[in-house]
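Okay, so here's the structure we're looking at.
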Amino acid sequence: MWNTRFLRMGSKSLAAFAIFVVHCLMSAVMAQEFEPLFNGKDLTGWVLVNTPPDTWKVEDGMLICSGRPIGEMRTEKMYQNFELELEWRHMVPRGNAGIFVWADDITARGVPFHRGVEVQVLENSYGNTQSHTTHGDIFPIHGAKMTPINGRGGDRAFPTEERSKPSPEWNHYRIVCQAGSIALSVNGKEVTRGTKATPSKGYICIESEGGVVHYRNVKIKVLPDTPIDDSQVAIAYRGYRSIYSGLDLRDWKPSQEGVWKVNDWVLDHAPDTKSNSNSLTYENANSIEGFVIDFRLPEEKSSLSLQLPGIQEPLVLSADTASIAKSLVQRGSWNRIEGSITREGSQAKLTFVLNGDSHTIQGQPAEQSLRIDATHKVSLANIYIR
Numbered sequence: 217m218w219n220t221r222f223l224r225m226g227s228k229s230l231a232a233f234a235i236f237v238v239h240c241l242m243s244a245v246m247a248q249e250f251e252p253l254f255n256g257k258d259l260t261g262w263v264l265v266n267t268p269p270d271t272w273k274v275e276d277g278m279l280i281c282s283g284r285p286i287g288e289m290r291t292e293k294m295y296q297n298f299e300l301e302l303e304w305r306h307m308v309p310r311g312n313a314g315i316f317v318w319a320d321d322i323t324a325r326g327v328p329f330h331r332g333v334e335v336q337v338l339e340n341s342y343g344n345t346q347s348h349t350t351h352g353d354i355f356p357i358h359g360a361k362m363t364p365i366n367g368r369g370g371d372r373a374f375p376t377e378e379r380s381k382p383s384p385e386w387n388h389y390r391i392v393c394q395a396g397s398i399a400l401s402v403n404g405k406e407v408t409r410g411t412k413a414t415p416s417k418g419y420i421c422i423e424s425e426g427g428v429v430h431y432r433n434v435k436i437k438v439l440p441d442t443p444i445d446d447s448q449v450a451i452a453y454r455g456y457r458s459i460y461s462g463l464d465l466r467d468w469k470p471s472q473e474g475v476w477k478v479n480d481w482v483l484d485h486a487p488d489t490k491s492n493s494n495s496l497t498y499e500n501a502n503s504i505e506g507f508v509i510d511f512r513l514p515e516e517k518s519s520l521s522l523q524l525p526g527i528q529e530p531l532v533l534s535a536d537t538a539s540i541a542k543s544l545v546q547r548g549s550w551n552r553i554e555g556s557i558t559r560e561g562s563q564a565k566l567t568f569v570l571n572g573d574s575h576t577i578q579g580q581p582a583e584q585s586l587r588i589d590a591t592h593k594v595s596l597a598n599i600y601i602r
């Protein structure tokens, strides 16, 4: 009986039925191509870059970001071409957060964020201005580059429509990254685009920036790679891990209480007039092979000294040290030092790059903890070891 009715269907009905079947099959295949980027249970597949475990928790299938400290976590894998879908909601008005794509392994100098392209996640009460909106801006940050579509004279791409919903409603983002181009759909419609991004392969990051944010249904479809130069690839994992939580002095021992001030992503040495020099010791540093530290010397007499494991003599970073002074940036700006420690028999060698300038120090090896000594006002950030 069913076969007879089926054979009596007209050609138009058969065509419509065939299209329906093909559509269902294609939808099933496409759905299978997406895979979870967040499994709804734990942080498997993610790396805490400069935020501690306290910043993130998983509850009821959601990834919950406390917003403190300001910083990021990233994927374990690098991605070039992909489609990323996720849902997010801010739980407080004026909340700030973001999704980064094509990012480096660690944060950029003097900031708690990566070099990469940011897809803005702002709560509506933050307000729209000539310089930003709360509806899905896209922009390169901290050394990355991108040509915006629908820009306003800078490098930020602005959405063509205002489609995001206020707290505590859920919003849906679809981010498509392909051959250096990026497009964002907000709640089902594409509104923001940029092209010619550099880098165009790197890590995906989720940003913590002061507001409580919930994420769910985070999934990715990896697309075929396209040929790119090495210069288009972000800096890959170098083995660094953060040793400053941004919340407290866990694992650090100060020589005097109250002098080292935890100021979110910045750690300040703020002595009183009676005590201008103090130390801070990291107690789990015997196996350090390399490090990154950002520092700022705001006063003429400000100086920083690093006693590194395996190196007998301290490294003094000060305008009074002739070999160092020429490599320092303008007073009050952020410096970055990245170094490695090697041993060869009875000799130890410290090789480091300070703001792009290379230095080498030879010396006698020594077994010591990592100790930081500061004189007068000094600020530290992005403290990593490997």
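Read in order, the letters of the sequence shown are residues 217 to 602 in our numbering. Built from N, CA and C at the ideal position, the CB exists for glycine as well. These numbers come from a predicted model, not from an experiment.
- DSSP places Asn403 outside both helix and strand once states are collapsed to three, so it counts as coil.
- In the structure shown, Glu554 adopts extended strand secondary structure according to DSSP, grouped into three states.
- Comparing C-alpha distances from Asp353 to each of Phe316, Trp386, Ser471 shows the shortest one belongs to Phe316.
- When the Cα atoms are used, Ala324 and Asn340 turn out to be separated by approximately 28 Å.
- Here the alpha carbons of Lys517 and Arg305 stand approximately 47 Å from one another.
- His485 has its alpha-carbon roughly 34 Å from the corresponding atom of Met307.
- Nearest neighbour of Met362 by Cα position, chosen from Phe374, Gly326, Gln578, Ala413, turns out to be Ala413.
- When DSSP states are grouped into helix, strand and coil, Ala452 belongs to the coil group.
- Under the criterion of beta carbons closer than 8 Å, Glu423 and Ala590 do not qualify as touching, at roughly 29 Å.
- For Gly426, the closest C-alpha among the options Ile365, Ile280, Lys437 is that of Ile280.
- Using a Cβ distance threshold of 9 Å, Phe511 and Leu524 do not count as a contacting pair.
- Fewer than three pairs of CB atoms, one per stretch, sit closer than 8 Å, so the segment 433-450 makes no contact with the segment 465-476.
- Within the model, the alpha-carbon separation for Ile459 versus Ile599 is close to 6 Å.
- Contact annotation: Ser585 and Ala501 have beta-carbon atoms nearer than 9 Å.
- When the five nearest sequence neighbours on each side are left out, the beta carbons in the same chain lying within less than 6 Å of the beta carbon of Thr576 are those of Thr567, in order along the chain.
- Residue pairing from DSSP places Ala564 in a beta bridge opposite Arg559, Gly579.
- Ser519 counts as buried, since no fewer than 16 other beta carbons sit within 10 angstroms of its beta carbon.
- Counting only residues of its own chain and dropping the five nearest sequence neighbours on each side, Gln336 has a CB closer than 6 Å to the CB of Gly314, Asp353.
- The continuous alpha helix (DSSP H) containing Ile540 extends over residues 538-541.
- For Val429, the uninterrupted beta strand (DSSP E) segment begins and ends at 429-438.
- By the 16-neighbour rule on beta-carbons within 10 angstroms, Ala452 is exposed.
- Between Val274 and Lys257, the C-beta gap is smaller than 9 Å, which places the two residues in contact.
- When rounded, the separation of the alpha-carbon atoms in Val402 and Gly326 is 31 Å.
- Taking C-alpha positions only, Pro364 is separated from Val333 by approximately 11 Å.
- Boundaries of the beta strand (DSSP E) around Val478: 476-479.
- Pairing Glu301 with Arg390 gives a Cβ-Cβ distance under 9 Å.
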